[in-house]
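Participant:
2 protein chains.
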Amino acid sequence: MKTLTDERAKESVRVCPDLDKVSKGSPLRVGVLFSGGPAPGGNNVVAGLFDALHKVNKESILIGFLGGPSGLLEEKFRILEKFEIDTVRNLGGFDLLGTGRTKITTEEQFALTKAVIQKLQLDGLVIIGGDDSNTNAYFIHDYLKKNEVKCRVIGIPKTIDGDLKSSEVEISFGFDTASKTYSEIIGNICIDAKSSLKYWHFIKLMGRTASHVTLECALQTSPNIALIGEEISQKKWTLKELVSQIADCVEKRASLGKNYGVILIPEGTIEFIPEVKVLIKELNRLIEEGKGTSDLTSEAKDCFNELPKDIQNQLLEDRDSHGNVQVSHIETEKLFSRMVASELKRRGSKAKFNPVHHFFGYEGRCSFPSEFDANYCYNLGYNAIRLIQSQKSGVMSVIQNVAKDVTDWKPAFLDLEKALVEEERGGKIKKVIAKSLVDLGGPVFKAFLEEREKNRIEDNYKRPGPIQFSGPLKNLITKTLELESF
Amino acid sequence: MKTLTDERAKESVRVCPDLDKVSKGSPLRVGVLFSGGPAPGGNNVVAGLFDALHKVNKESILIGFLGGPSGLLEEKFRILEKFEIDTVRNLGGFDLLGTGRTKITTEEQFALTKAVIQKLQLDGLVIIGGDDSNTNAYFIHDYLKKNEVKCRVIGIPKTIDGDLKSSEVEISFGFDTASKTYSEIIGNICIDAKSSLKYWHFIKLMGRTASHVTLECALQTSPNIALIGEEISQKKWTLKELVSQIADCVEKRASLGKNYGVILIPEGTIEFIPEVKVLIKELNRLIEEGKGTSDLTSEAKDCFNELPKDIQNQLLEDRDSHGNVQVSHIETEKLFSRMVASELKRRGSKAKFNPVHHFFGYEGRCSFPSEFDANYCYNLGYNAIRLIQSQKSGVMSVIQNVAKDVTDWKPAFLDLEKALVEEERGGKIKKVIAKSLVDLGGPVFKAFLEEREKNRIEDNYKRPGPIQFSGPLKNLITKTLELESF
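Shown next as structure tokens:
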């Protein structure tokens, strides 16, 4: 029986005209690694690298480091052959090599990196990752340069969260596919809400710092409420205020006979709420000092006491190896639904309120890349080899004008050093690539605002459906990219 | 911008040759209602009814009852017009009319049903629902017949769970689309597991009585473990044994350097485990008698004490309006992961074990119907009118030979009375349509067994990807239907 895996792996991808001109040259030896969480399209970056390398010279070699940056440090790698590249073209996943979150930051690690690069005689190292990994790419480049090692380091902009973008970088790869995958499921749930007539769906979505995914999914599906972290932060909305806003919506809809609805909540919301931020900070400090919740300041204590019992337990018991609260483990969707239930009770409301909870994240990180991501990633990889060939280092591979057809795409690069800013991280000032947050004055948020009030009350649910790989819908791009490219 | 909603709504569906011959006749007045949870394809049943009715006679009328069976009792209905039928063709959801779970069982309700049917002068009533709703369809038919009301009652086999099937009924509608939607997401998660290399995904799936959905998804995606309720029941596996099986797999994989995996758990598993069944029964009785857990029998107490704290709380606190444990609310996926973690600790195991939890159900009930479900549902609706026209009543609309192309499909019917069996429900013997369970000697379970042992250890993950509506993959059927049709 035919499968999509077979069909997609056979499908050819397109290279923009400027890249098609990659010139012949001496054989190159290039290493590549995945860093951080997977994003759809990673395999096509590798396929782009491989094909471009072999267009330059058939003797070129592509080395894949296994399990992320640790594969480089530990010399775990494999020389990639055409037959295996041909089995992963247009397929999702970072499983060709595996990925990991090891960061190369210590002097010892840099020295090790240099030694491995020299041993393998690499002309180039390609790091496929998000903001942290691209920051890392810059520092590896800087170290190699200072030590006069002639290996060019290129970063590839990856993240489903969409927070690695700028005036130069129009979109990070994976955002297109992941947000479409979530929108498919959210759209289904919206229609289920309107069919079953009795559930309020609280849906948490990935996106810890930026709410781009939630914003895109909201434009694709028109839920009743979508919280946007950046707005909560700017308006300094408290937990009580947010709960009250949701309870108002539940009551208003109940008065219209609608005991159902859909709410999107970005994973990071919890960290945007001022008093919760303070609480988490205090809890981290208290544990370190061996104290208990009785030592919280009164502001933090008030906030803690308002939280549902199971969330309180989670905050106290679920700690990482440094004793810190595991923010990403907090079931924010339940936190809100429980507090809304309490608020409705407090108000003596007669609204029927049956919450159902969801968290979508892992569901979209390894989907089959959309036609957009398949082409985009292949071009990013292809371009990386062009950059290595032209002796660029400490740069990110960039493709511009991507809202248009591939024939109009323009390869470019971003000097990573220029992208660095100083930020406080863990009490120290560090040079990093800043995460790009939702622009509350930008066209995407404006489009959301235009619909927001009526979507709270009316059932304007939309269902984009599953990603299509043939037919008239295969070339759809995200609303975010469309609106930002005008 | 084009949308899948627009594209699908325009797409025509096919009627099998025997149905295309529906003969002209007097105008008919037919009522239709949705009953129970939504399933992809419901709109196409209604579209099939509508088109067939108008082929019989352009003056025919289709009346849709709103919000499920209660719409009939409360005379909440709408005469359906062509323009609105044309907006929902090939789209998922029961939102055209809404659905509900009211059952028509009392003498008063039967009398009311009769009165409404007579008032609206219905020639036919079509009930789109699962086993209970089709049982209900039979008893409404029986009541009308005894009271000499000439309204024909036809049931339509709906359920994503796939447990409404028999030698006559090859598949219930919705199973194809829902299991493909879940398989898409599960496949993505499998690849994520193999990419990220550090998570064990515990995925709960809908299917409270039968495990058909889990079995189909297992064949589509090859996870490391898939629990099948019917097997647990047959082999009388205890909770401890199941937890031990999973912990063995976690340890074995860890010894191979694989600290990740995927486990599918049908929603109803918990009720298949003998000692949990006893515990739930006792808890329901104790609450009724105003007693506490200290009054549990020692067998039930042992089982209760083994459960993780939060699951214990759930069992004690989360009750329905009759004070019964809400089995469908139990987070079975967490129950297993917590107990596996404890078991690994007890063994002194060094396996790294980071569980992530998912529950997929609402995600697949309102998807765009697959090409199979779109055609199948349209034919079921079309056939229902043919049955009404030929004076059949108390029957289910059936289409056979559906593993083949539409041109080979055969319309038929099933006498509901013959499908009834006696079962104990809530302490009383009742005539019901029995749920069809997984046949442990059948070809589907055999296919699963053939792969099971190697899938535990090896990474044989498959990713079917999103449902396609054009191209070579649009006509795929489920493995279950394929294997059962040989």
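As they're listed, the protein sequences go chains A and B.
First residue of the first sequence? That's 861 in the working numbering, and the numbers climb one at a time after it.
First residue of the second sequence? That's 861 in the working numbering, and the numbers climb one at a time after it.
Positions of the beta carbon are idealized from the N, C-alpha and C atoms, including for glycine.
(1) Could you check whether the Cβ of Glu1313(A) sits closer than 7 angstroms to any heavy atom belonging to the ligand NAP?
(2) In chain order, what residues of the segment 950-964 of chain A put their CB closer than 8 angstroms to some CB of chain B?
(3) Since Ala1272(B) sits in a beta bridge, which residues does DSSP pair it with?
(4) Exposed or buried, Asn1214(B), counting other C-beta atoms within 10 Å across all chains shown (16 or more means buried)?
(5) Leaving out five residues before and five after Ala1152(A) in sequence, what residues of the same chain have Cβ atoms less than 8 angstroms from its Cβ?
(6) Can you tell me whether DSSP reads Leu985(A) as helix, strand or coil?
(7) Asp1021(A): which of Pro1126(A), Pro929(A), Val948(A) sits nearest, CA to CA?
(8) Along the chain, where does the alpha helix (DSSP H) containing Leu922(A) start, and where does it finish?
(9) Against chain A, with Cβ distances strictly below 8 angstroms, would Gly1183(B) count as a contact?
(10) By alpha-carbon positions, which one of Ile939(B), Phe943(B), Leu909(B) ends up nearest to Lys870(B)?
(11) At least one CB of chain A closer than 8 angstroms to the CB of Pro1326(B): is that the case?
(12) Closer than 8 angstroms, CB to CB, is Phe970(B) near chain A or not?
(13) For a contact defined as C-beta to C-beta under 8 angstroms, what are the partners of Asn1048(B) on chain A?
(14) Exposed or buried, what is Ser1115(B) when buried is set at 16 or more other beta-carbons lying within 10 Å of its beta-carbon?
(15) Using a Cβ-Cβ cut-off of 6 angstroms (strictly less than) and excluding sequence neighbours within five positions of Thr908(A), which residues of its own chain qualify?
(16) Pull up the distance between the alpha-carbon of Arg1113(B) and that of Trp1060(B), whole angstroms please.
(17) Could you tell me the alpha carbon to alpha carbon distance between Gly902(B) and Gly1224(B), rounded to whole angstroms?
(18) From the beta carbon of Asp1170(A), is the nearest beta carbon of chain B less than 8 angstroms away?
(19) Can you check whether the CB of Pro900(A) is closer than 8 angstroms to the CB of Thr1070(A)?
(20) Sort out for me which residues DSSP pairs Glu1284(B) with in a bridge.
(21) Is the segment 1017-1031 of chain B close to the segment 1188-1207 of chain B, with three or more CB pairs under 8 angstroms?
(22) Identify whether Val1304(B) lies in helix, strand or coil by the three-state DSSP scheme.
(23) Distance cutoff 8 angstroms, beta carbons only. Does Thr1074(A) sit that close to anything in chain B?
(24) For the segment 1047-1072 of chain A, list every residue whose C-beta sits within 9 angstroms of some C-beta in chain B, in sequence order.
(25) Would you kindly check if the distance between the Cβ of Thr1340(A) and the Cβ of Leu1075(A) is under 8 angstroms?
(26) Starting from Pro818(B) and walking both ways along the beta strand (DSSP E), at which residues does that stretch end?
(27) CB Leu1057(B) to CB Gly927(A), shorter than 8 angstroms?
(28) Take the Cβ of Val905(A) as the centre, count every other Cβ of all protein chains shown within 10 Å, and call the residue buried at 16 or more, exposed below.
(29) Kindly indicate which three-state DSSP category Arg1012(A) falls into: helix, strand or coil?
(30) So, are the CB atoms of Cys1226(A) and Pro887(A) less than 8 angstroms apart?
(31) Helix, strand or coil for Lys884(A)? Go by DSSP, reduced to three states.
(32) Over what stretch of residues does the beta strand (DSSP E) that includes Gly1208(B) continue unbroken?
(33) At a Cβ threshold of 8 angstroms, is Glu867(B) touching chain A?
(34) Find the residues of chain B that neighbour Ile1147(A), judging by a C-beta separation of less than 9 angstroms, and give them in chain order.
(35) Just list the residues that DSSP pairs Lys1216(A) with in beta bridges.
(36) Output yes or no for whether 8 angstroms exceeds the beta carbon distance between Pro1017(A) and Phe1033(A).
Facilitator: A quick look at the data gives this:
(1) Of the ligands one can find in the structure shown there are none, so the ligand NAP has no counterpart to examine.
(2) Listed by position along the chain: Leu951, Gly952, Gly953, Phe954, Asp955, Gly958, Thr959, Gly960.
(3) In the DSSP assignment, the residues bridged to Ala1272(B) are Val1258(B).
(4) By the 10 Å Cβ count, Asn1214(B) comes out exposed.
(5) For the sequence presented, residue 1152(A) should be read as Gly rather than Ala. Cβ neighbours of Gly1152(A) beyond the five flanking positions: Leu1146.
(6) Leu985(A) falls in the strand class under three-state DSSP.
(7) Per the C-alpha coordinates, the member of Pro1126(A), Pro929(A), Val948(A) positioned closest to Asp1021(A) is Pro1126(A).
(8) Where Leu922(A) is concerned, there is no enclosing alpha helix (DSSP H), although the beta strand (DSSP E) it sits in stretches over 921-925.
(9) No, Gly1183(B) lies away from the interface with chain A (no Cβ there is under 8 angstroms from its Cβ).
(10) Closest option to Lys870(B), judged by alpha-carbon separation, among Ile939(B), Phe943(B), Leu909(B): Phe943(B).
(11) Chain A contact via Cβ: present.
(12) So no, Phe970(B) is outside the interface.
(13) Simply Gly952, Thr1041, Tyr1222, Glu1223, Gly1224, Arg1225, Cys1226, Ser1227.
(14) Looking at its Cβ environment, which holds fewer than 16 other Cβ atoms inside 10 Å, Ser1115(B) is exposed.
(15) Position check: residue 908(A) holds Gly in this sequence, whereas Thr was assumed. Spatial neighbours of Gly908(A) in its own chain (CB-CB distance under 6 angstroms, excluding positions within 5 residues in sequence) are listed in chain order as Tyr1238, Gly1241, Tyr1242.
(16) If you take the alpha carbons of Arg1113(B) and Trp1060(B), they lie about 11 angstroms apart.
(17) Spanning the two alpha carbons is a distance of roughly 13 angstroms.
(18) Contact with chain B is found for Asp1170(A), since one of that chain's Cβ atoms lies less than 8 angstroms from the residue's Cβ.
(19) The amino acid at residue 1070(A) is misidentified as Thr; the sequence shows Ala. Contact flag unset, no.
(20) Partner(s): Ile1289(B).
(21) No contact exists between the segment 1017-1031 of chain B and the segment 1188-1207 of chain B.
(22) Note: Val1304(B) maps to helix in three-state DSSP.
(23) Chain B contact via Cβ: absent.
(24) Residues passing the 9 angstroms Cβ filter: Gly1047, Asn1048, Ile1049, Cys1050, Ile1051, Asp1052, Ala1053, Lys1054, Ser1055, Ser1056, Leu1057, Lys1058, Tyr1059, His1061.
(25) Yes, these two residues count as a Cβ contact at 8 angstroms.
(26) Lying before the first or after the last residue shown, residue 818(B) is absent from chain B, which here runs from 861 to 1346.
(27) Going by C-beta atoms, Leu1057(B) is nearer than 8 angstroms to Gly927(A).
(28) Label assigned to Val905(A): buried.
(29) It is a strand residue.
(30) In this structure, the beta-carbon distance from Cys1226(A) to Pro887(A) does not fall below 8 angstroms.
(31) Lys884(A) sits in coil when the DSSP states are folded into three classes, being neither helix nor strand.
(32) Counting along the chain, Gly1208(B) falls outside any beta strand (DSSP E), and DSSP gives it neither H nor E.
(33) Glu867(B) counts as touching chain A.
(34) Per Cβ cutoff of 9 angstroms: no residues; Ile1147(A) is ~21 angstroms from chain B at best.
(35) A small fix is needed here, since residue 1216(A) is Val in this sequence, not Lys. Answer by DSSP bridge pairing, in chain order: His1061(A).
(36) For the 8 angstroms CB-CB criterion, Pro1017(A) and Phe1033(A) form a contact.
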